[in-house]
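S.K.:
Numbering (the working numbering), first residue to last: 146 to 394.
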């Protein structure tokens with residue numbers, strides 16, 4: 146369901162509920178000996194708070210999982226690339242330096258070119274895939290190579306397969322976004338929670354102000370935290386290229 150359709154359904158349900166309340170008060174007004182039910186208002190405020198806490202938790206889990214998966218893919222990609230670099234020692238002499246140079250070029254491209262693009266939430270160009278193909282070609286050996294060298298070449302291809310898989314995961318994580326529906330629920334739920342604090346707050350003004358300030362600040366902090374974690378390669382809380390710089394300083 147698209148965001149617009151979701152909003153239409155939500156506001157439609159709210160409008161029907163509002164009309165039902167108006168109809169009830171018009172058709173069945175309170176008697177002279179009846180008083181307004183404040184406990185109903187408190188129950189609604191409590192339910193809004195509970196549901197908003199659920200939405201907050203869902204959003205936090207979603208963005209944290211994406212960020213953790215991004216960091217794991219970066220670590221796996223850098224580790225497999227480093228293993229490929231080390232395996233160059235087991236290849237024929239004429240294939241060692243080309244493989245090392247190709248590995249360093251790939252790592253530099255990821256850190257210097259792709260990382261700023263991912264942090265800016267922009268699509269990654271296909272140059273990285275061409276560099277990965279160059280790595281595969283650099284790790285190939287001829288049929289005249291010795292058996293241990295051919296085994297090492299097969300291991301190079303296996304490690305580059307891990308690089309390929311981790312790279313795909315990293316690119317997918319860079320494009321992940323928190324659902325617009327969840328963002329809508331996050332913002333509307335926060336506004337409703339604070340509104341109920343104002344409408345059905347504690348009678349003592351000082352306590353009321355302190356509680357509203359604390360709740361408002363905590364909601365704002367949580368929303369900003371989710372916003373930062375929603376950028377899995379952002380500058381503040383996102384995954385860093387440290388695994389690449391550690392192996393290929």
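Where a beta carbon is used, it is the ideal one built from N, C-alpha and C, also for glycine.
Fair warning: this is a prediction, and the values are worked out from it, not measured in the lab.
Under the rule that 16 or more other beta-carbon atoms within 10 Å means buried, what is residue 332, buried or exposed?
M.R.: exposed
S.K.: In whole angstroms, what is the alpha-carbon distance linking residue 231 and residue 386?
M.R.: Residue 386 has its alpha-carbon roughly 20 Å from the corresponding atom of residue 231.
S.K.: Do residue 378 and residue 311 have their C-beta atoms within less than 8 Å of each other?
M.R.: Not in contact: residue 378 and residue 311 (Cβ atoms no closer than 8 Å).
S.K.: Whose C-alpha, out of 316, 334, 236 and 245, is nearest the C-alpha of residue 269?
M.R.: 316
S.K.: Measuring CA to CA, which of 295, 245 and 300 is closest to residue 276?
M.R.: Among 295, 245 and 300, the Cα nearest to that of residue 276 is on 245.
S.K.: By the 10 Å Cβ neighbour count, where 16 or more other Cβ atoms means buried, how is residue 271 classified, buried or exposed?
M.R.: exposed
S.K.: Helix, strand or coil: which one does DSSP assign to residue 117?
M.R.: Because the chain here runs from 146 to 394, residue 117 falls outside it and cannot be looked at.
S.K.: For residue 212 and residue 291, what's the separation of their Cα atoms in angstroms?
M.R.: Each residue's Cα considered, the two are about 44 Å apart.
S.K.: What residue range is occupied by the uninterrupted alpha helix (DSSP H) comprising residue 233?
M.R.: It is not in any alpha helix (DSSP H) - residue 233 carries neither H nor E in the DSSP assignment.
S.K.: Tell me, to the nearest whole angstrom, how far the beta carbon of residue 364 is from that of residue 329; I am working on the premise that it is less than 8 Å.
M.R.: Between residue 364 and residue 329 the beta-carbon gap is near 15 Å, outside 8 Å, which marks them as no contact.
S.K.: Once DSSP output is grouped into helix, strand and coil, what is the label at residue 146?
M.R.: Here residue 146 scores only 49 on pLDDT, less than 50, and its place in the model should not be relied on; the value that follows carries that caveat. In the structure shown, residue 146 adopts coil according to DSSP, grouped into three states.
S.K.: Compare the beta carbon distance of residue 297 and residue 226 with 8 Å and say whether it is the shorter of the two.
M.R.: No, the Cβ-Cβ distance between residue 297 and residue 226 is not below 8 Å.
S.K.: CB-CB under 7 Å to residue 381, same chain, minus the five flanking residues each way: which ones, in chain order?
M.R.: Only 373 meet the Cβ criterion.
S.K.: Going by C-alpha distance, which of 393, 205 and 249 is nearest residue 327?
M.R.: Nearest C-alpha to residue 327: 205.
S.K.: Looking at residue 266: is its Cβ nearer than 8 Å to the Cβ of residue 305?
M.R.: Not closer than 8 Å, so no.
S.K.: Would residue 197 pass as a contact of residue 334 if the rule is Cβ separation under 8 Å?
M.R.: yes
S.K.: Could you compute how far the alpha carbon of residue 242 sits from the alpha carbon of residue 284?
M.R.: 10 Å
S.K.: To which residues of the same chain is residue 260 closer than 6 Å at the C-beta, ignoring the five residues directly before and after it?
M.R.: 386
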